[in-house]
Each structure stands twice: as C-alpha cells, then as structure tokens.
Amino acid sequence: MSAENNTPPPPPDVELKFQMHAITKMMERMNLMMGNVCDRLEKVGKHGNVAGTFTQDVRKVGAQHKSNNGSGTEISAKDEIIGHREGFWQPRNQRDFMYFDEVLWQKKRRIQKERWYQMESSKEISVLKKESKSLTRILGELKQELGVLTASVNAQQASEREEKICCNDDIRNRTAATFIHSCWRRLLARKELQRLQKKAKELAIQLVGDSRTNHLEERGNDMIQAR
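Rendered as structure tokens:
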C-alpha cells in the first residue's frame, strides 16, 4: 500500500472548521466585491446625472442661439447627416463657415461626448446590476452553507461536551469507589490491630501472673528447706 493510503483522514471537527474558515474568507471577499460594485454604481449614477444636467443646459443655449440669429443659422438635413456620421456638426464649405459658431460647435461636441458616455454608463450599470444580483445570490448560498456547517460544528461540540462530562463522571465514580475501598481496608486494619493489641495485653498480664506464682512457690520451698 502507498503512503497516501496509510495517511489517516483528518478529524471531522478539523475538517468542518477548515470549511468554515474557507467560507468565511470567501464571504469577506464577496462583501468587498459587493462594496466595490455599489461604489461603481453610485459613481456612474452621479456622473450620469451631471451629464444629463449639462446636456439640458447646452440645449437651452443652442435654442437661444438659434432664436437670436434667425433662420439663417439653421442646420440643413445634409449637415445633420454629416454631423451624426462624424460625431459632431462641423462646416462643410465656405457658405457653412459663414454661419459657423465655434462656441456652439464645442458645446454640441461635448453633448455628443456626454451622450456617448451616458450610453456607456447605462451599459456599465446594467452589467454591474447583473454582477450585483449574481454576487447577492452567491453570498446567500454561502451564508446557507455556513449556517449548515455551524450547526454541524455546534452539534459535534455538544456531543463532545456530553462525552467529556460522562467521562468525568466515570472518573469521579471510580475515584470515589477507590477511596471508599481504601477507607474500608484501613478500618479493617485498625480493628485487627486493636484485636491484636488486646490479645497481646491479655497475654502480657497472664505472663506476669505466672511469673509471680512461680516466684512465690520458689520462696516457699526455700523456707521449708531452711526449717
């Protein structure tokens, strides 16, 4: 067998904690991305509002300019087609140059640029909204998965605590039984010692009495012999 097969699998608690850590990091990155998307949406929205206001102001100036100069400054349909194709209106011949207004031309050019920017901003806003919806959906899925993993970890920790409590109870019970047994042995040993001491005391008294009796007998024999 190879070394990979001999490698024991990681404990479930460690694996769950690793998955929770990875999902938490992913959620942090998703929150950062969501913040960036919201900032971009706000920036694009503000710029679009400014561009729309500027376009309205320039249209007012152009209308005032036409009303002041009369119908001689009106742009023909051909010039409108040329201006639309090239992005802004500009004179095509000497006759047009006579009625050309540089300030109005610059403002119309800016209008075209702002319109183009509004179109691009609308496209970018739609893309950002789609990204925001996608990120919100992914973030919700990650939160659900994190909730499932959290519940699993909590259940496993609760079972581990119960096992630890049962183990501690067993240890305490064994310790109490050992202590009671040792106390009982000490009590028996003390009773045996008291019994032996009592017996030894009785034997000592008996020995003393026997020695006194022998001494009196010897003394009586000596007195008889002396007579």
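Per the working numbering: the sequence shown = residues 151 to 377.
Note that the Cβ used here is the ideal one computed from N, Cα and C, for glycine as well.
Given the structure is predicted, the values throughout are model-derived calculations rather than measurements.
The segment 179-191 in contact with the segment 279-288 per 3-pair CB rule at 8 Å: Yes, since at least three Cβ pairs between the segment 179-191 and the segment 279-288 fall closer than 8 Å, the two stretches touch.
When you compare only the Cα positions, how much space is there between residue 311 and residue 270? Stepping through the sequence shown from its first residue, residue 311 is reached at position 161. Stepping through the sequence shown from its first residue, residue 270 is reached at position 120. Distance between the alpha carbons of residue 311 and residue 270: 60 Å.
Quick one, which of 272, 168, 256 and 178 has its alpha-carbon nearest residue 190's? Here residue 190 is taken as the residue at index 40 of the sequence shown, counted from 1. For residue 190, the nearest C-alpha among the options comes from 272.
Give the C-beta separation of residue 173 and residue 292 to the nearest angstrom, bearing in mind that I take them to be a contact with Cβ-Cβ under 8 Å. For the purposes of this step, residue 173 is taken as residue 23 along the sequence shown, with counting starting at 1. For the purposes of this step, residue 292 is taken as residue 142 along the sequence shown, with counting starting at 1. Here residue 173 really is in contact with residue 292; their C-beta atoms are around 6 Å apart, less than 8 Å.
Pick out whichever of 254, 188 and 302 has its Cα sitting closest to the Cα of residue 276. The residue labelled residue 276 in the question sits at position 126 within the sequence shown. Here the closest residue by C-alpha is 188.
Return yes when the Cβ of residue 170 is within less than 7 Å of the Cβ of residue 299, no when it is not. Mapped onto the sequence shown, residue 299 falls at position 149. Mapped onto the sequence shown, residue 170 falls at position 20. The answer is yes: Cβ separation under 7 Å.
Can you tell which of 278, 353, 336 and 252 has its C-alpha closest to the C-alpha of residue 193? Locating residue 193 in the sequence shown gives position 43, counting from the first residue. Selected option, being the one with the closest Cα: 278.
Could you tell me the distance, in whole angstroms, from the CA atom of residue 177 to the CA atom of residue 294? Residue 177 sits at position 27 when you count from the first residue of the sequence shown. Residue 294 sits at position 144 when you count from the first residue of the sequence shown. The C-alpha of residue 177 lies about 11 Å from the C-alpha of residue 294.
Excluding sequence positions up to five away, which residues of its chain have a Cβ less than 6 Å from the Cβ of residue 378? Residue 378 lies beyond the range of the chain shown here (151 to 377); nothing can be said about it.
Answer with buried or exposed for residue 330, where buried requires no fewer than 16 other C-beta atoms within 10 angstroms of its C-beta. As a first step, residue 330 is located in the sequence shown; it is residue number 180 there, counting from the start. Exposed.
Mind checking residue 447: buried by the 16 CB within 10 Å criterion, or exposed? A question about residue 447 goes unanswered here, because the residues of the chain that appear run from 151 up to 377.
Give me the Cα-Cα distance between residue 265 and residue 259, rounded to the nearest whole angstrom. As a first step, residue 265 is located in the sequence shown; it is residue number 115 there, counting from the start. As a first step, residue 259 is located in the sequence shown; it is residue number 109 there, counting from the start. Each residue's Cα considered, the two are about 10 Å apart.
State buried or exposed for residue 261, treating a residue as buried only when at least 16 other CB atoms are found within 10 Å of its CB. Position 111 of the sequence shown, counted from the first residue, corresponds to residue 261. Buried, because 16 or more other Cβ atoms sit within 10 Å of the Cβ of residue 261.
C-alpha distance - residue 303 paired with residue 328, whole-angstrom precision: On the sequence shown, residue 303 is found 153 positions in, with the first residue counted as 1. On the sequence shown, residue 328 is found 178 positions in, with the first residue counted as 1. Going by the C-alpha atoms only, they are around 37 Å apart.
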